[in-house]
Amino acid sequence: MPLEKGKSQKVVGKNIKELVKSGRPKNQAIAIALDKARGESNAVRKQKKTVQKGIQATKSKRRKRAATTKRSRKG
Numbered sequence: 016m017p018l019e020k021g022k023s024q025k026v027v028g029k030n031i032k033e034l035v036k037s038g039r040p041k042n043q044a045i046a047i048a049l050d051k052a053r054g055e056s057n058a059v060r061k062q063k064k065t066v067q068k069g070i071q072a073t074k075s076k077r078r079k080r081a082a083t084t085k086r087s088r089k090g
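Position 4 of the sequence shown, counting from 1, maps to 19 under the working numbering, and the rest follow consecutively.
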């Protein structure tokens, strides 16, 4: 069975049980389950960074556009 997604203690515990049941050594099962949980949080963090970069890029474009229009009106 595939491992569950999530980083809560309950999900990590279920993943460890599932991996041990499938024949993995206990220490390896713990490492895999924690890595899976860490991967979930990293994916969310990367997604947030991408969104923030897009917002910042949009704001800087607006500022540049506003600055150029002000200059052209004066001249």
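No residue lacks a Cβ here, since even glycine has one placed at the ideal position from N, Cα and C.
Range of the contiguous alpha helix (DSSP H) that encloses residue i
i	result
Leu34	Gln24 to Lys36
Residue burial classification, residue i (beta-carbon count within 10 angstroms, cutoff 16)
i	result
Asn30	buried
Same chain, Cβ closer than 7 angstroms to residue i, neighbours up to 5 away in sequence not counted
i	result
Lys41	Val35
Lys51	Leu18 and Asn30
Ile45	Ile31
Contacting residues, own chain, Cβ-Cβ under 8 angstroms from residue i (five flanking each side not counted)
i	result
Gln43	Leu34
Residues of its chain near residue i, where Cβ-Cβ distance is below 6 angstroms and the 5 sequence neighbours each way are ignored
i	result
Ala48	Val27, Asn30 and Ile31
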